[in-house]
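Participant:
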Amino acid sequence: MDERSQFLADAAAQRRDRELQRVHNDVAIKLQALARGYLVRQKFVNDIRTTLSDKLSQFTDLEKSGKTLLSNDEVLKWSRLFLRIKRLPEDNEILGQLCRHIILSLDSSAKDTNWATMFLNKTTIAPASIVITDIISCIPQSLMYISGARVSEVKTWQTFIHFLIVFGSCNGWLLVRNAPQVQKVLNDLCSKLCCSLGEHANFTRLANSLFLASNEHKPVVSSQALNALFSIIMKYVKADNSLLPLFITHVLTCPAIVLHLNKANLDTFLGSGLFDRCLTHLRASSDIVEGIEPQKTINLLGNVVHLGYLDEETVKGRIVDWTWVIGLAMAQCTEFAVRAGEQSSHNHWHPIFGHYKLPIDPKTERSLRNVLKQLQMLWSYRIVCRLFDKALEGVDQARPNGHVPVKELGATFNKLWKKLGGGPTSDSAHAGENEKEIPPTLAAVVCQLYMTALSTMANMKNEIIAGVCREDRILRQLWAYLVRWGAEGKHTSSPSLSSSPLNAALALLARPQSPHVAPLRLFADAAAIVISILDEEELYERAVPFPLEELVHIARFCNYFCFRAVWNGYVDDRLADQGLFASIHQLCMVLHVRDSRRTFVNDPKFWLAPDVKSSVMMGEFEKKTSRGLLLMRRMSHLISLKERMLLFRKFVTADKANIESTATLITVARNRLVEDGYRQLSLLSTRALKSTIRVKFVNQQGLDEAGIDQDGVFKEFLELTIKQVFDPALNLFHSTAAGVLYPSPTSSVHEDHLALFQFVGRILAKAVYEGIVVDVQLAPVLLAAMLGGRRLCAFDELSQLDPELYRNLTFVKKYDGDVSDLSLTFSIDEDFMGKINTVDLVPGGRTIQVTNENKIDYVHRMAHHRVFSQTKQQCRAFVAGAQSVLNPAWLFLFAPHELQFIISGYTRLSKKILTPRCTTRQLIYFAPLMIMHSRRGADQGTGGAADIDLADLKKHVQYYGGFHGSHRLIKWLWEIVEKDFTPDERRLFLKFVTSCSRPPLLGFSYLEPPFSIRCVEVSDDQDQGDTLGSVVRGFLALKKSQSSSRLPTDTRLPASTCFNLLKLPNYNKKSVLLSKLRYAIHSETGFELS
1 MDERSQFLAD AAAQRRDREL QRVHNDVAIK LQALARGYLV RQKFVNDIRT
51 TLSDKLSQFT DLEKSGKTLL SNDEVLKWSR LFLRIKRLPE DNEILGQLCR
101 HIILSLDSSA KDTNWATMFL NKTTIAPASI VITDIISCIP QSLMYISGAR
151 VSEVKTWQTF IHFLIVFGSC NGWLLVRNAP QVQKVLNDLC SKLCCSLGEH
201 ANFTRLANSL FLASNEHKPV VSSQALNALF SIIMKYVKAD NSLLPLFITH
251 VLTCPAIVLH LNKANLDTFL GSGLFDRCLT HLRASSDIVE GIEPQKTINL
301 LGNVVHLGYL DEETVKGRIV DWTWVIGLAM AQCTEFAVRA GEQSSHNHWH
351 PIFGHYKLPI DPKTERSLRN VLKQLQMLWS YRIVCRLFDK ALEGVDQARP
401 NGHVPVKELG ATFNKLWKKL GGGPTSDSAH AGENEKEIPP TLAAVVCQLY
451 MTALSTMANM KNEIIAGVCR EDRILRQLWA YLVRWGAEGK HTSSPSLSSS
501 PLNAALALLA RPQSPHVAPL RLFADAAAIV ISILDEEELY ERAVPFPLEE
551 LVHIARFCNY FCFRAVWNGY VDDRLADQGL FASIHQLCMV LHVRDSRRTF
601 VNDPKFWLAP DVKSSVMMGE FEKKTSRGLL LMRRMSHLIS LKERMLLFRK
651 FVTADKANIE STATLITVAR NRLVEDGYRQ LSLLSTRALK STIRVKFVNQ
701 QGLDEAGIDQ DGVFKEFLEL TIKQVFDPAL NLFHSTAAGV LYPSPTSSVH
751 EDHLALFQFV GRILAKAVYE GIVVDVQLAP VLLAAMLGGR RLCAFDELSQ
801 LDPELYRNLT FVKKYDGDVS DLSLTFSIDE DFMGKINTVD LVPGGRTIQV
851 TNENKIDYVH RMAHHRVFSQ TKQQCRAFVA GAQSVLNPAW LFLFAPHELQ
901 FIISGYTRLS KKILTPRCTT RQLIYFAPLM IMHSRRGADQ GTGGAADIDL
951 ADLKKHVQYY GGFHGSHRLI KWLWEIVEKD FTPDERRLFL KFVTSCSRPP
1001 LLGFSYLEPP FSIRCVEVSD DQDQGDTLGS VVRGFLALKK SQSSSRLPTD
1051 TRLPASTCFN LLKLPNYNKK SVLLSKLRYA IHSETGFELS
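At position 473 of the sequence shown the residue is numbered 473 (UniProt numbering), and the sequence of numbers has no breaks.
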């Protein structure tokens, strides 16, 4: 580049540099101006804040003393400046101070400091109105930023509410208090000043603030402030119908807001018809409930219930809409409620719904206590009577109002049912195309409401049922309604079914979503719980809640319904645990258990299957058809007990045929029966335990006892071992006053106590497997557990298990006064080895007081804890051992009291389970099985209840060695056993000859080998068996000289007892026979007798 070009280029670069520098200077000047302006403005703003804060610093509360009010002009000046530069939420505190000053100024007697004078002056009314309007507009926004976490925030919060109240009406202002004409003008002005509060955005902010204030167990703000805020909100929603949806979704969803309202607000709310408007809107716009989040839906539910509790007229006039809203809200709540059997570690505990899918923040959890109080009003005496009196009005008269259909509810309640798990009718193979759903009745609507409550709040089932059934007449009326409903044929429009309650109920199985299911399910669930906690005086003498004749009809209906539902294929395994069948089946089982203890049907064939032979049902079961298996598992009582016992033995025999006949030999010392038996038998596999087990006893001297075990020695070992392990002194089991055995709650003092329970379960099951009857009376809780957890009523079982606690709980149940005076909580103190441990019956139970409303729930939970929970681990181990030997499918054949019969035989059953009043009926019921019951004892009623049946024994005895039934010695023998022996000696005699003190379960015809009596002449080591000479001498009652000195069944050659054989010398005197027999049976020397 030449010199000229270089010069030009340099000049151009210098120009650009100068231009850039100029631009930089201009930008810097502008930035400096902006910065100076910002700093000046910021200083100005800060000066305003500081000045105003200093001027209002004493206005931290609304106390009048010690405060100097500023002049109105000064307040106007600074407030106008402040409202222009305010920034929320930083300036909330200053805004609160300004509001306090203006509030206090209205009570000033000086005109220059009383803000009301600003509205009375033409020159100041406009700027003063602008200031107040701006402040009122700011308050809803300010409330958005207040959490109430600090005391200062709560003070500001309450000040804002106070300010809105003060400027909502001028009636309380000092200067115009006695000037009604002025008040009218100023009130119109106040309405204009506050009009911004009616805007949807500000209305929503106020409602959200109300939610925050009530979202605690106690309101965050004062009760006066909360009620003031509610009154402001209510004022605008009364005037503007467009705010009604916001009122429902934001105000009625505040936690227990109705509970916090004072009488004035409640009266205004109910008297204004606002509740009626809300019901109308909710009924017309069902999607509004579906759009509310689940937690707020619970709050809405509580408030609607509470309002219904307070407003009797609205509920009576709008009963359909009210129940529908509650039902829809409940259905919405079930979305996140965890159903029974679906619980997992990921669930959360909800105070109302139990296991819940969503977490609950601590504040909401505390407020839910108030919501729970509201929900409990749903089953309070007032609402229950109000609803059912209306729904069942005239049900016992010629005009049953309960049958009046409620139009246009079918689709709505179908929707509810689907939400709660009901399926469409099209899924059922039994729903005919010509069957059309009949519209629901008013009674169906009310019952659906409570069924939804039971489904939604399953953990409060007992409390809800107790509330519904607080009046006995409701259950009776509900049953009368069901009878008439079924008889009138209104269950379906199909002409294919005849009109009867049974057919009506069966038809509903095909339509589980039908609203007509609700009355029947509610009746069944309620009746089952109520009957299960009645004592005998209430049920039999006072006829509560039904006369016995009506109870018989209910029992027959339940029994027939369950049988037909399974037999006709309406119900399968998938549906047996839910819906209508499950409810009625539960009631059927409750009635069957009560009748088995003390009859009210007085018919031995009452519970047997109608119209179908038992052989047909047995065939179905053996073929393993679905209905055969389901019937046996759920309703085995439809077949006689003897037939089921024969089937049970048939299964056992078939099982034995599949097991290799290898014998296991164990050696047991008589002074260490349990220890040696546990050590050796617990190591055996299930197949080995089911196989033959031979036992060799070791005597006190450490020598092997003489004896060849052909099952007799093992029987003796089994009987002695069971006697010891069930001895309460061992502390594995405790015994009631009636001799009923149940697991000891303190069994853990034993090392590996659960393994011991498993061992006990195995050996008891081995006895049942081998058909050996033992003298053990188990508590029904153990028997039910062995049968696969058959449902038992804990309170009913408590009468045997813990009579003292049963009496105490009965006292609580029948207490006429205020139960809260007893200072009971949902917890129990347990003493274990001197250490007191408090156990909660429900989460947080030690803080929940027992009241008249929840006392029935307390009774149920306390009984459940004592009967089931306290020994749950022991029962589980015992059952595991028992079911390892006995196939659970075999045990389904029996009810708990029938399994006790399998274990111990009829004699024990009649002595311990049957009460004197029911003995006659039970003797008829068990007539085919009373083969071991002595006729003499039966005639006396109780004396021979625990005796053996000598007639059956004599009928099945076999004679050898020349003996026969008419032989002189044989006659002496039976006379001695029948007339000279006591019942205890007869049992010792039976043990002496068979190694077991109890007869075979099905009688002596099933004794293997058969009981035999043989005439012997010499000692066992010289005995060569029956010869022609010995038989002739025995037949002619001739004897050898040495035979009179020998004992019966002398066991120096020890085989007789093992083979159920009694060897008798041919004694010449009856007295000698008596003395020898008594010596032999009382010696208790095992196989060492000589």
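Just so you know, even glycine gets a beta-carbon here, dropped at the ideal spot from N, CA and C.
Remember, it's a predicted structure, so these values are computed and weren't measured experimentally.
(1) Reducing DSSP to helix, strand and coil, say where serine 493 ends up.
(2) With a CB to CB cut of under 8 Å and the five nearest residues on each side skipped, what residues in its chain are close to glutamine 332?
(3) Buried or exposed for histidine 897, going by 16 or more other Cβ atoms inside 10 Å?
(4) Nearest CA to the CA of glycine 96: which residue from Val957, Ile130, Ile125 and Gln141?
(5) Applying the 10 Å Cβ sphere with the 16-neighbour rule, what's the burial state of arginine 16?
(6) Looking at the structure shown, is proline 501 part of a helix, part of a strand, or coil, going by DSSP?
(7) Buried or exposed for serine 147, please, with buried defined as at least 16 other CB atoms from any protein chain shown within 10 angstroms of its CB.
(8) Where phenylalanine 275 and valine 258 are concerned, what is the direct C-alpha to C-alpha distance, given to the nearest angstrom?
(9) Can you tell me the Cβ-Cβ gap for threonine 851 and serine 820, rounded? I've got them flagged as a contact below 8 Å.
(10) Below 8 Å between beta carbons: does that hold for phenylalanine 733 and valine 713?
(11) Please report the distance separating the alpha-carbon of valine 221 from that of serine 455.
(12) Name, in chain order, the residues that DSSP records as bridge partners for serine 827.
(13) For threonine 664 and serine 691, which I take to be in contact (beta-carbon distance under 8 Å), what is that distance rounded to the nearest angstrom?
(14) Please identify the residue among Met451, Ser53 and Asn299 whose C-alpha is closest to the C-alpha of isoleucine 248.
(15) Suppose you measure from the CA of leucine 76 to the CA of valine 131; what does that come to, to the nearest Å?
(16) Relative to the C-alpha of asparagine 1060, which residue among Phe963, Gln958 and His24 is closest?
(17) Hey, how far is the Cα of valine 885 from the Cα of serine 995?
(18) Have a look at the DSSP bridge pairing and note the partners of proline 610.
(19) Looking at threonine 721: is its Cβ nearer than 8 Å to the Cβ of valine 674?
(20) Specify the secondary structure class of phenylalanine 733 as computed by DSSP and reduced to three states.
(21) Across which residues does DSSP place glycine 354 in a beta bridge pair?
(22) The beta strand (DSSP E) that contains tyrosine 959, what's its start and end?
(23) Just the Cα atoms here: how many angstroms apart are leucine 189 and arginine 87?
(24) Ignore the nearest five residues each way along the sequence and tell me which others in leucine 1073's own chain have a CB closer than 6 Å to its CB.
(25) Give the single residue among His865, Thr323, Lys316 and Gln42 whose Cα lies nearest to the Cα of leucine 282.
(26) Which of the three DSSP states, helix, strand or coil, is assigned to serine 1012?
(27) With distance defined between alpha-carbon atoms, name the residue in Lys373, Arg866, Leu647 and Val251 nearest to tyrosine 309.
(28) Could you tell me the alpha carbon to alpha carbon distance between serine 1056 and valine 993, rounded to whole angstroms?
(29) For lysine 696, which beta-bridge partners are listed by DSSP?
(30) Does the beta-carbon distance from serine 196 to asparagine 202 come in below 8 Å?
(31) Quick one: give me the first and last residue of the beta strand (DSSP E) that leucine 1064 is part of.
(32) Relative to the C-alpha of methionine 460, which candidate in Gly905, Asp857 and His964 has its C-alpha closest?
(33) Report buried or exposed for glycine 422, applying the criterion of at least 16 other Cβ atoms within 10 angstroms of its Cβ.
(34) Going by the beta-carbon positions, is the gap between isoleucine 103 and valine 166 smaller than 8 Å?
(35) Going by the beta-carbon positions, is the gap between phenylalanine 59 and arginine 100 smaller than 8 Å?
(36) Are the CB atoms of phenylalanine 892 and glycine 788 within a distance shorter than 8 Å?
Facilitator: Taking the coordinates as given:
(1) At serine 493, the pLDDT of 46 sits below 50, so the modelled position is not reliable; the number obtained from the coordinates is stated separately. Coil, per DSSP.
(2) Val289, Glu290, Ile292, Pro294, Thr297 and Lys419
(3) buried
(4) Gln141
(5) An exposed status is given to arginine 16, since fewer than 16 other beta-carbon atoms sit within 10 Å of its beta-carbon.
(6) helix
(7) exposed
(8) Straight across, the Cα-Cα distance linking phenylalanine 275 with valine 258 is about 12 Å.
(9) 5 Å
(10) no
(11) 36 Å
(12) Asp840
(13) 7 Å
(14) Asn299
(15) 8 Å
(16) Gln958
(17) If you draw a straight line from the Cα of valine 885 to the Cα of serine 995, it comes to about 23 Å.
(18) DSSP output for proline 610 lists no bridge partner at all.
(19) yes
(20) strand
(21) According to DSSP, glycine 354 bridges with His350.
(22) 958–960
(23) Pairing leucine 189 with arginine 87, the inter-Cα distance amounts to about 27 Å.
(24) So the list reads Trp972 and Tyr1067, once near-sequence residues are dropped.
(25) Thr323
(26) DSSP places serine 1012 within a strand segment (E or B) once states are collapsed to three.
(27) Lys373
(28) The pLDDT assigned to serine 1056 is 47, lower than 50, so where the model puts this residue is not dependable; a value taken from the coordinates is nonetheless given after this. Straight-line Cα distance between these residues: approximately 8 Å.
(29) For lysine 696, which the question treats as bridged, DSSP gives the partners Thr667.
(30) yes
(31) That run of the beta strand (DSSP E) goes 1061–1065.
(32) Asp857
(33) For glycine 422, the predicted model reports a pLDDT of 46, less than 50, meaning its position is unreliable; a value from the coordinates is still stated below. Answer is buried; the Cβ neighbour count reaches 16.
(34) Taking 8 Å as the cut-off, the Cβ atoms of isoleucine 103 and valine 166 count as close.
(35) yes
(36) yes
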